[in-house]
Amino acid sequence: MTLCHLAPTELALSIAPEALGFSDTSELLHQPLPWIGQARAETAARFGLSMDQPDYNLFVLGEVGSGRSTLLQQLMREVAATKAVPPDLCYLHNFDAPEKPRALRMPPGQGRLLRQLMAQMSKTLQKEIPQRLDGPDFKAESAHLEKTYKLEESGAYAELDAFAEARHFALYREDGHLIFTLLGAKGKALTESEARSLPKEQRAQVEQAEQELRAEIVRYLDKIRPIERLKNEGLAALRRQTIKPLLEHELQEIRMELKKQIKDTLKLGHYLDRVMQDVLDNLDAFRAAEADAGIDEELRQEELAAVLARYRVNLVVDNERLTGAPVIIEDNPSYHSLFGSVEYQAEEDVLLTDFSRIRAGSLLKAHGGYLMLHVRELLTDELVWEKLRRFSRTGRLQIEEPMQMFAPMATVSLLPEALDINVKIVLIGATEEYYLLQEADPEFARRFRVKVDFAESFIASAQTYAASAVFVGHTCQRLGLPHFSAAAVAHLLEDAHREVDDQTRQSAGFAHMEALVMEASAVCHARSGARVEGDDVRAALQARRLRHDYPDQRLQETITDGDRLISLQGEKTGQINGLTQIDLGDYRFGFPVRVTARTSAGKDGLVNVEREVALSGPIHDKGVLILHSYLSILFAAQAPLALDATLVFEQEYNGIEGDSASCAELYALLSSLSGLPLKQGIAVTGAVNQHGEVLPVGGINEKIEGFFRICNTAGLTGEQGVLIPNRNRRHLMLSSDVAQAVAQGRFHVYTAEHVREGIELLTGCASGLPGTASGYAPDTVLGRAQDTLQAYRRACQLADHPRPGRRRGR
737 MTLCHLAPTE LALSIAPEAL GFSDTSELLH QPLPWIGQAR AETAARFGLS MDQPDYNLFV
797 LGEVGSGRST LLQQLMREVA ATKAVPPDLC YLHNFDAPEK PRALRMPPGQ GRLLRQLMAQ
857 MSKTLQKEIP QRLDGPDFKA ESAHLEKTYK LEESGAYAEL DAFAEARHFA LYREDGHLIF
917 TLLGAKGKAL TESEARSLPK EQRAQVEQAE QELRAEIVRY LDKIRPIERL KNEGLAALRR
977 QTIKPLLEHE LQEIRMELKK QIKDTLKLGH YLDRVMQDVL DNLDAFRAAE ADAGIDEELR
1037 QEELAAVLAR YRVNLVVDNE RLTGAPVIIE DNPSYHSLFG SVEYQAEEDV LLTDFSRIRA
1097 GSLLKAHGGY LMLHVRELLT DELVWEKLRR FSRTGRLQIE EPMQMFAPMA TVSLLPEALD
1157 INVKIVLIGA TEEYYLLQEA DPEFARRFRV KVDFAESFIA SAQTYAASAV FVGHTCQRLG
1217 LPHFSAAAVA HLLEDAHREV DDQTRQSAGF AHMEALVMEA SAVCHARSGA RVEGDDVRAA
1277 LQARRLRHDY PDQRLQETIT DGDRLISLQG EKTGQINGLT QIDLGDYRFG FPVRVTARTS
1337 AGKDGLVNVE REVALSGPIH DKGVLILHSY LSILFAAQAP LALDATLVFE QEYNGIEGDS
1397 ASCAELYALL SSLSGLPLKQ GIAVTGAVNQ HGEVLPVGGI NEKIEGFFRI CNTAGLTGEQ
1457 GVLIPNRNRR HLMLSSDVAQ AVAQGRFHVY TAEHVREGIE LLTGCASGLP GTASGYAPDT
1517 VLGRAQDTLQ AYRRACQLAD HPRPGRRRGR
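Going letter by letter, the sequence shown gives residues 737 to 1546 in our numbering.
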């Protein structure tokens, strides 16, 4: 095991612009936008989108900015273009049960045609029916019919009139009523007083005659009512006979226009038959108002509008302009926008509606195609989630109002015909949401059998570099930005490596790259450049850092001002600079923290002060316990350790999490035990296992750069640097400032595979190997620590067993 001193070329990956094979991204626009580094996800997505069996919906996992939505939309449209256009969907009036509108599916484009034809038919009927009912032929026929019935009625009236005259009564009509009057001897009508003055016997005869006349009038009315009814029926039949050819012609025209065979042919035929019947039953509403008929024209128009409204076609899904299956992206999956709705109108404290107010949601519009939804937005509304679960189980959609029972006014509601929907749902969510769904709702999760897993990063290669350059070119074209030179693209690619802290892998977060493209273009525009160059990308990165690094700057100022104690020179016992990373979500930065250790004879063992005051997370606690285990193994000959030791992160009050400081803690402990001072100019990061091997840690670049900035501000002495795990070498993507300082010998980056290498660097003394049966060589770090532990043990034994004659203190 040997300590490595890294060369400047090892501190970051540098991509040669000339190796990319183009001068600027305008040369790459002829290439299609690829799935960069997401071969597994693309294969899964293609399988799921082409699978026609039920329950093979897609659940797309990935981090925000990975391109999961954009790439899936692109692929959905590509696959949808090869599919047949699904039918239109109409809702029609149900003449048998108006509260249950009927659904009708028609070939694409014919829904709109049916709507136009029905609207034209209504206009034709509104114009032609009054004209035909007012025409000479109809008038002649109706006059002849009325004359026939009039003669029969007149004969019956003549008989009644003769009956009345024989009994000395005069009979006449007045306002549709029959009136009779008693006549005197000279045929003159008697007044009421004259009638009362008649002799008693004559009055009795008059009353008898009146009763007989009234009975005859009843018989007359019973006789003419059927005649009146037959007359009205005859006139109605005549009107129907007159209008029926017109209706048959209009409906036949509609049938002829809708030539294509449709699944609901029988349903459409039945509907048109009912339209004919309904028109014939309501011909009176079409008749023009006569001036002397006393009919309210406004009321008649309302009646006619209500009749014609039944013949409208509510085209809720119109696929006429589609060339393939529909692709719907629902960004606002509310109950109504997703499942459809029924609109209402308030009239006199009642909410009214009809079939024409049914509105389709995204599920209906996506029938036969694809619908994209985001899980997080669905989970915010329990009603939406429950309805979607029910739909995914049955595949049947019922448009309904979820809170109708709680409406503040009485409601005239509809129950539209439910529909079987064939739609492929693509859910977009995070990894934790996918597994939470698997656990919490396995039945629903079973409906999403295709898992499309987007990687956070991928292995970099010449192919991924070329594909990333194509992405940059298409982004510039789409946003109207100047194109990028090869050098500028090389810097973008290097930043993609920096995003994942890996010289061999690129970040899959292309939203981050797209943002950097826009920001670098803004820098280019500010200098009136025609093409984005590498310096523009560097300036954009620097500007971004300046917009976010105030917390970092403020913490550095606390060191400069002397508020936070960090030693950057000299040597001190039991004290070392550890490296931490602070992640604020929008910005990450590294910062040194002083780690101190104190040891003494005792039995308490190793005490983690942060843990004792609940400022330590479980991972850090685990690291300290592993450290204690390794310490016990190192000095197994002294077991059990007679030791009181404390570890403290000085001036740290916000909590500690992670095990990346366990190496620094171990070095501080060994320094305290051995009495050997540690170099304060070298900061340490790394985790340690029970074998003393140094394990890699995260945030390595931020940690190194954070300590470098502190040292650079204070003044680089050439003795400062960092000690990191050797297994972090490929994760280095350090800034050019650090690399330049290393090249000039003013800063150093060391790597170690085992903690013994690090302790030798920090103390300048050999770590020590077991050389004798008694333990480590005396002039080594571990040998000195061993001597101290033996002294502690003797002190503890003496305290437990005092010498005879000496009084033990309390």
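C-beta: ideal position from N, C-alpha, C; glycine also.
Continuous beta strand (DSSP E) stretch holding residue i: start and end
i: residue 913; result: 913–918
i: residue 1484; result: 1484–1488
i: residue 1359; result: Note, residue 1359: premise wrong, no beta strand (DSSP E); alpha helix (DSSP H) at 1354–1370.
i: residue 841; result: 838–842
i: residue 1332; result: 1324–1336
i: residue 1557; result: Because the chain in this structure spans residues 737 to 1546, residue 1557 falls outside the shown range and cannot be described.
Where residue i falls, given that 16 or more other Cβ within 10 Å makes a residue buried
i: residue 1533; result: exposed
i: residue 1086; result: exposed
i: residue 1226; result: buried
i: residue 1427; result: exposed
i: residue 1457; result: buried
i: residue 1146; result: At residue 1146 the pLDDT is 49, less than 50, meaning the model places this residue with poor confidence; the figure from the coordinates comes in the next sentence. Residue 1146 is exposed by the Cβ-count criterion.
i: residue 1469; result: buried
i: residue 1219; result: buried
i: residue 1302; result: buried
i: residue 1090; result: buried
i: residue 766; result: exposed
i: residue 1165; result: buried
i: residue 1195; result: exposed
i: residue 875; result: exposed
i: residue 1355; result: exposed
i: residue 1028; result: Per-residue confidence for residue 1028 stands at a pLDDT of 44, beneath the threshold of 50, marking its modelled position as unreliable; no derived number is given.
Residues of its chain near residue i, where Cβ-Cβ distance is below 6 Å and the 5 sequence neighbours each way are ignored
i: residue 908; result: 915
i: residue 1265; result: none
i: residue 1413; result: 1307, 1308 and 1309
i: residue 1336; result: 1380
i: residue 812; result: 1063 and 1106
First through last residue of the alpha helix (DSSP H) which encompasses residue i
i: residue 1001; result: 1001–1017
i: residue 924; result: Run containing residue 924: none; DSSP gives neither H nor E here.
i: residue 1501; result: From DSSP, residue 1501 is part of no alpha helix (DSSP H); its letter is neither H nor E.
i: residue 856; result: 846–869
i: residue 1234; result: 1222–1235
i: residue 1445; result: 1436–1450
i: residue 1478; result: 1472–1479
i: residue 1240; result: Counting along the chain, residue 1240 falls outside any alpha helix (DSSP H), and DSSP gives it neither H nor E.
i: residue 1171; result: 1167–1176
i: residue 1082; result: Where residue 1082 is concerned, there is no enclosing alpha helix (DSSP H), although the beta strand (DSSP E) it sits in stretches over 1081–1083.
Cutoff 7 Å; reference residue i; Cβ partners in own chain excluding five residues on either side
i: residue 850; result: 826, 842, 994 and 1049
i: residue 1069; result: 1109, 1113, 1114 and 1120
i: residue 1023; result: 866 and 869
i: residue 1323; result: 1284 and 1285
Cβ-based neighbour list, residue i, same chain, cut-off 8 Å, excluding 5 preceding and 5 following
i: residue 844; result: 821, 822, 823, 824, 1055, 1056 and 1058
i: residue 1586; result: Within the shown structure, residues of the chain are numbered from 737 to 1546, placing residue 1586 beyond reach of any answer.
i: residue 1404; result: 1310, 1311, 1312, 1331, 1332, 1333, 1383 and 1414
i: residue 945; result: 903, 904 and 905
Within-8 Å CB hit, residue i to chain D
i: residue 1356; result: Here chain D cannot be found, since the structure has a single protein chain.
Inside the region 794–820 only - alpha helix (DSSP H) runs reaching at least 4 residues: 804–816
Taking only runs of the alpha helix (DSSP H) that begin and end inside the region 1089–1143, which ones reach a length of at least 4 residues, in chain order? 1098–1101, 1111–1115 and 1118–1130
Should the region 1169–1181 be regarded as contacting the region 775–783, the criterion being three or more beta carbon pairs within less than 8 Å? no
Three or more C-beta pairs closer than 8 Å, one from the region 770–778 and one from the region 741–758: is that the case here? no
Touch test, the region 1478–1498 against the region 1390–1409, Cβ-Cβ under 8 Å, three pairs minimum: yes
Runs of alpha helix (DSSP H) lying entirely within the region 1253–1292, each at least 4 residues, in chain order: 1270–1284
If you pair each beta-carbon of the region 1056–1069 with each one of the region 1096–1104, do three or more pairs fall below 8 Å? yes
Just checking, does the region 1363–1377 make contact with the region 1308–1328 on the three C-beta pairs under 8 Å criterion? no
List in chain order: all unbroken alpha helix (DSSP H) runs of 4+ residues lying wholly within the region 737–801. 775–786
Which runs of the beta strand (DSSP E) spanning at least 3 residues fall entirely within the region 1183–1211, listed in chain order? 1186–1189 and 1193–1195
Decide if the region 1289–1302 is in contact with the region 1235–1252; the criterion is three or more beta carbon pairs, one per stretch, under 8 Å apart. no
Scan the region 1030–1057 and note each continuous alpha helix (DSSP H) run of 4 residues or more that stays entirely inside, going in chain order. 1033–1045
The region 1204–1218 contacting the region 1426–1441, beta-carbon criterion three pairs below 8 Å: no
Pairing CB atoms from the region 1148–1159 with CB atoms from the region 828–839, are three or more of them under 8 Å? yes
Beta strand (DSSP E) runs wholly inside the region 1395–1433, at least 3 long, in chain order: 1418–1420
Does the structure place the region 1038–1049 close enough to the region 1070–1086 that three or more beta carbon pairs sit under 8 Å? no
Any chance the region 1199–1209 sits against the region 829–836, with 3 or more Cβ pairs inside 8 Å? no
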